[in-house]
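Residue 93 is where the sequence shown starts when you use my numbering, and the numbers rise one by one after that.
Worksheet: one structure, shown below.
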Amino acid sequence: MTLGTLSAEVEAALASVQKAQSEGKITAGAVENLKCWLVEPRYADYRTAIIEHIDAGKWQKLDDVFWTVIPFGTGGRRGRMYAFGSNAINDRTIGESAQGLADYLRSTAPADKELRCAIAYDTRHNSRHFAELCASIMVANGFRVFFLDDYRATPQLSYAVRAKNCDCGIMVTASHNPPSDNAVKVYQSTGGQVLPPHDKAIIDRVMTVQEIKKVPFADALKAAKVEICTAEIDRDYLAEAVKYAFPGPREVNILYSPLHGVGGFAVPPLLKAAGFKSLEVFGPHSQPSGDFPNVPGNVSNPENVPVFDSMIALAKESQTSTSATSIGAVDLILATDPDCDRMGAAAKLLPTSDSPWATINGNQLGALLTDYVLGVRKANGQLTSKSYVIKTLVTTELIRRICESYGVQCQGNIHVGFKWIGGLMDELGPESFEFGTEESHGFLIGSYARDKDGAVACLLMALLAAQLKSQGKTIHQRLNELLAQHGYHEESVLNVQMEGSEGMAAMKKLMSTFRTAPPKTLGGLNVTAVRDYDSLTTRLADGSIVKLDAPAANMVILDLAQTGNYVAVRPSGTEPKVKFYIFASLDRQSSQDLAAAKTAIGTRIKQIQAELKDFCR
């Protein structure tokens, strides 16, 4: 195709775009980004496909993939995959991310320094392709790349960054998102996800990338610029992780699911190395697959209760049928998300064979594991006045109560995202770090990594379940003991989906409303204060404003009249939705009748949920 013909086609395409905008078929943001991709040389490889979409009148698809520039959120750059588009995951947006990272690090390092980058990927569609692409770009920019050449867990990438003294790391995964999505998570030299001011500096570089430098992956491998280190990292990571296999019983029958992700390469080897012999991998979820075919809605998220339905059915059958599983009657069900950085669990309510089963949510798991870890540390005489646990602002305050009972600090004034836990851990000193947890099923013990670890979380849950089984108790019974000891706490998350360009505008309007004109009451309790983490101010019920001592973020917390009851509101950093975190609790005295406490708090939470939904309309 000649330049003249190409220019004529581009001119006609631009005219069609303008006409579509005047007819309301495409938004202004999409038009602006489309023009860039049609005209600028850096996007030339995508021009033909874009023009074909324009000629076919695929305006909704074009609006979806161009209405904005895909941002960096709490977990990196994440979104739906499409062959082109500024608001899609594709070779260009992934390539810009890697090139921007390389440009930033090269600009801050001595000219003669050999920079290093670790790269890993999960089982999603195109993950291997994007990992090779990133490796090709980093090598072309003078980096030495350490490549995990098979499906591997995000915490193994975090460990590899530290073990290989890397300047950065790239994990190709969209975590628990639907099969349509993929992403890159970018890590700094600590092994944690990128923190300020580096995140903004990298984003600035990404947004201005013109040329993406690349060398063929095979050539980089042949020239030893890419080093395959899968077996080495597997061995050394396992050696670090198994250090947390605390002494105690191991007699517990475990049914485990990797939910079609990478966990099968991390969890069974760790549990076996720790001495757990009675383990079965759930067959329907065992095969790595980016389609996640055998989980409800094809979304492999251990936060979702329906994910456990088929496993619970098998576990119930195993109580009476000796042939249902290879391990006999199941005591504990564990699951990890596609990149194995989150852990979910289910267990019997009672230690009887006919007991009902129930899942344990992220806040409850965090409380249980915090208590277990601190209990072990205390028994070993390892707790000091400097010992601390980290949680996020939207994670249950039950963890703080547990820490107080052990005389341990609870650091909780940080926002959503495990990168903040990793960063605070380095700031306070890893030598006194005991445990880190967030409500979205993220957990970390030890200093071998700076990101949440689903495999080691599975190990801790197995240890706890075995200990309780030896005492004739279940995990749920232990949770009830903690609630009676520290006061009844219950939490709930309400998600309000807001897709596309219209959704983004709606999210901004909704957040503004919660800042300036929030509900006056929720769940029968007055709203006594509005904590605005954007302006870092708290507005009290009388209208007075005081300074808020906290890190800045796009979040609002509504404090209710009863201490320990509040609602946090924030847009998701990785998905098109607003999240409401509802916290309700009673004091210890009011929690001795747990059934009554649960009923009262459950009613309050349902009322708050209904009122929030009405308010959002």
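Glycine residues also receive a C-beta, built at the ideal position from the N, C-alpha and C atoms.
Thinking residue i and residue j are a contact (beta carbons under 8 Å), I'd like their distance in whole angstroms, please.
i           : j           : result
residue 206 : residue 236 : 6 Å
residue 427 : residue 394 : 4 Å
residue 107 : residue 181 : Wrong, their Cβ atoms sit about 29 Å apart, outside the cutoff.
residue 574 : residue 463 : 6 Å
residue 541 : residue 250 : 4 Å
residue 710 : residue 336 : Past the boundaries of the shown model lies residue 710; the chain is included only from 93 to 709, so the question cannot be answered.
residue 633 : residue 618 : 7 Å
residue 554 : residue 424 : 7 Å
residue 711 : residue 531 : With the chain running from 93 to 709 in the structure shown, residue 711 is simply not present.
residue 239 : residue 318 : 5 Å
residue 119 : residue 155 : 6 Å
residue 503 : residue 516 : 6 Å
residue 277 : residue 246 : 7 Å
How is residue i classed by DSSP in three states: helix, strand or coil?
i           : result
residue 125 : helix
residue 359 : helix
residue 432 : coil
residue 380 : coil
residue 501 : strand
residue 207 : strand
residue 260 : strand
residue 196 : helix
residue 552 : helix
residue 183 : helix
residue 254 : helix
residue 368 : coil
residue 661 : strand
residue 83  : Shown here, the chain extends from 93 to 709; a query on residue 83 therefore has no answer.
residue 173 : strand
residue 95  : Note that residue 95 scores a pLDDT of 45, beneath 50, so its modelled location is shaky and nothing firm can be said.
residue 640 : coil
residue 493 : helix
residue 374 : coil
residue 143 : helix
residue 544 : coil
residue 410 : helix
residue 227 : helix
residue 649 : strand
residue 670 : strand
residue 691 : helix
residue 482 : strand
Closest to residue i by CA distance: which of the options is it?
i           : options               : result
residue 215 : 422, 379 and 567      : 379
residue 286 : 631, 511, 648 and 640 : 511
residue 385 : 433, 272 and 301      : 272
residue 493 : 621, 507, 588 and 460 : 460
residue 544 : 508, 297 and 685      : 508
residue 704 : 610, 525 and 101      : 610
residue 454 : 570, 582, 431 and 440 : 582
residue 706 : 602, 506, 431 and 259 : 602
residue 177 : 128, 645, 447 and 571 : 128
residue 99  : 515, 279, 405 and 130 : 130
residue 585 : 280, 676, 125 and 445 : 676
residue 651 : 485, 595 and 522      : 485
residue 284 : 268, 297 and 260      : 260
residue 104 : 138, 113, 147 and 231 : 147
Are the beta-carbon atoms of residue i and residue j separated by less than 8 Å?
i           : j           : result
residue 228 : residue 309 : yes
residue 377 : residue 387 : yes
residue 353 : residue 429 : yes
residue 451 : residue 347 : no
residue 256 : residue 208 : yes
residue 212 : residue 252 : yes
residue 373 : residue 356 : yes
residue 683 : residue 576 : yes
residue 546 : residue 434 : yes
residue 143 : residue 101 : yes
residue 184 : residue 302 : no
residue 588 : residue 669 : yes
residue 190 : residue 294 : no
residue 559 : residue 339 : no
residue 320 : residue 248 : no
residue 187 : residue 304 : yes
Alpha helix (DSSP H) runs wholly inside the segment 264 to 346, at least 4 long, in chain order = If we require 4 residues or more, the alpha helix (DSSP H) runs fully inside the segment 264 to 346 come out as 290 to 299, 309 to 314 and 322 to 333.
Which ranges would you report for the beta strand (DSSP E) in the segment 568 to 631 if only whole runs of at least 3 residues count?
-> Within the segment 568 to 631, the complete beta strand (DSSP E) runs of at least 3 residues are 581 to 589 and 617 to 624.
Length-filtered (3 minimum) beta strand (DSSP E) runs lying within the segment 419 to 480 = The segment 419 to 480 contains these whole beta strand (DSSP E) runs: 424 to 428, 435 to 440 and 449 to 452.
Go through the segment 505 to 541 residue by residue and report every complete run of the alpha helix (DSSP H) that reaches 4 residues or more, in order.
-> Complete alpha helix (DSSP H) runs here, min 4: 510 to 520.
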